[in-house]
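Undergrad: Protein chains in written order, with the numbering used here: chain P, 230 to 381; chain Z, 230 to 381. One structure is given below, represented as structure tokens, and several questions about it will come after.
2 protein chains.
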Amino acid sequence: MTYTLAMNEPTILKIDPQQDIASQLRKVGITPTQQRVQIAEILFSRPRHMSADQVLAMVNRDGPIASKATIYNTLGLFARKGLVREVIVDPSKVFYDSNTAVHHHFFNEDTGELTDIPSHELLLTRLPELPPGTEAAGIEVIFRLRSQDAAS
Amino acid sequence: MTYTLAMNEPTILKIDPQQDIASQLRKVGITPTQQRVQIAEILFSRPRHMSADQVLAMVNRDGPIASKATIYNTLGLFARKGLVREVIVDPSKVFYDSNTAVHHHFFNEDTGELTDIPSHELLLTRLPELPPGTEAAGIEVIFRLRSQDAAS
DNA sequence: CTGCTTGCAAAGGCTTTGCAGAACA
DNA sequence: TGTTCTGCAAAGCCTTTGCAAGCAG
């Protein structure tokens, strides 16, 4: 049962919003363009779950900074580099999670809201054997929720 | 920790491919049209994970039976009635799982293949407290896999 | 300079929708 | 016969792509 560790270890890359963003991006092999730095500032100001659209809106809140294509390029790049995690819970769009620590999610299907499950509140025991010829790339646990008062 | 039970119990609706499909559909409040019966026959011939596209292809293998619109209508209907479970693991398409028993999945990102995790091979202990005002609608555990030889 | 990035618009893929004709009860 | 369902094509959404202009080092 060591593959969970082997799997998560290399992903723990973290951007500290207090430090210089540009040099942190360089450190992980990303050329720090103006757009990338601004996107990183938003994503890593605190742990967030954002769709590409939300990032686009927030980046350009005070004037045009980055185009839609650049948002997608950058989010994809950050994901490949392990700075954000893609969370697939909604068939209509991908969420990008700037919290790279091991944790899981609640997804409220009524509100579309994605929230963290504190990792100590969930325990996975007895992990399954992986199919032959495969290696673990990630574990996701999603609790789908409904708002109690919602008229389904 | 009783909400897991409360959550899964109502979903255990099962179509037996050996019995008359039409009357089983009626029993859950679905008018058994020719198209729906044929789609059900494919889905419930055995536990399956299929995309809408795959269902479309298989239904029409021996001549035109159902259109794309009807496939989507029917799969959505079956999902609402609890006959199939929607599995969201691939941002590009939804999978429909005709196995309604409680279980979890491996998803091979290289091959796009979705397979079951025998439920006894995975144990969730210490379930999280749900956010106030919400109720559980489902739990999903997804192990993302890579093929070991794949050139990422 | 030289290559990597950006941005625009167009294209793509999956899913939904509108509406006329057909099937079900 | 009234209601529900089907099918076609068009529309919608999110995401990707092509390519010329711009920026980083």
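C-beta atoms are modelled at their ideal positions from N, C-alpha and C, and glycine is treated no differently.
Give the straight-line distance between the Cα atoms of proline 246 of chain P and isoleucine 368 of chain Z, rounded to the nearest whole angstrom.
TA: Their backbone Cα atoms lie some 33 Å apart in a straight line.
Undergrad: Is it true that the CB of valine 323 of chain P sits closer than 7 Å to the CB of proline 320 of chain Z?
TA: In this structure, valine 323 of chain P lies closer than 7 Å to proline 320 of chain Z by Cβ.
Undergrad: What first and last residue would you give for the alpha helix (DSSP H) that runs through threonine 303 of chain P?
TA: Note, threonine 303 of chain P: alpha helix (DSSP H), 297-310.
Undergrad: What does asparagine 337 of chain P pair with, by DSSP beta-bridge criteria?
TA: According to DSSP, which records beta bridges pairwise, asparagine 337 of chain P is partnered with P:Glu342, P:Leu374.
Undergrad: Please confirm whether phenylalanine 324 of chain Z has its beta-carbon closer than 7 Å to some beta-carbon of chain P.
TA: So no, phenylalanine 324 of chain Z is outside the interface.
Undergrad: May I have the straight-line CA-CA distance separating glutamine 377 of chain Z from histidine 349 of chain P, to the nearest angstrom?
TA: Approximately 31 Å between the Cα atoms of the pair.
Undergrad: Leaving aside the five residues before and after isoleucine 250 of chain Z along the sequence, list all residues of the same chain whose C-beta is less than 8 Å from its C-beta, in chain order.
TA: Correct list, in chain order: Ile244, Pro261, Val266, Ala269, Glu270, Phe273.
Undergrad: Quick check on the burial criterion: 16 or more other C-beta atoms within 10 angstroms. Buried or exposed for serine 296 of chain Z?
TA: Classification of serine 296 of chain Z: exposed, given that the 10 Å Cβ count is below 16.
Undergrad: Under 7 Å between beta-carbons, which chain P residues line up against alanine 298 of chain Z? List them in chain order, please.
TA: Going along chain P, no residue has its Cβ under 7 Å from alanine 298 of chain Z, so there is no contact; the nearest lies around 17 Å.
Undergrad: Enumerated in chain order, which unbroken segments of the beta strand (DSSP E) with a length of 3 residues or greater are wholly contained in the segment 232-283 of chain P?
TA: For the segment 232-283 of chain P, whole beta strand (DSSP E) runs of length 3 or above, ordered along the chain, are 278-280.
Undergrad: Leaving out five residues on either side along the sequence, give the residues of the same chain with a beta carbon under 8 Å from the beta carbon of proline 347 of chain Z.
TA: For proline 347 of chain Z, where only same-chain residues beyond five positions count, the Cβ hits under 8 Å are His332.
Undergrad: In the DSSP assignment, find the beta strand (DSSP E) that holds valine 316 of chain Z and state where it starts and stops.
TA: That run of the beta strand (DSSP E) goes 314-319.
Undergrad: Alanine 366 of chain Z versus chain P: which residues are under 7 Å apart at the beta carbon?
TA: Going along chain P in sequence order, the residues near alanine 366 of chain Z (Cβ under 7 Å) are Glu338, Arg373, Leu374, Arg375.
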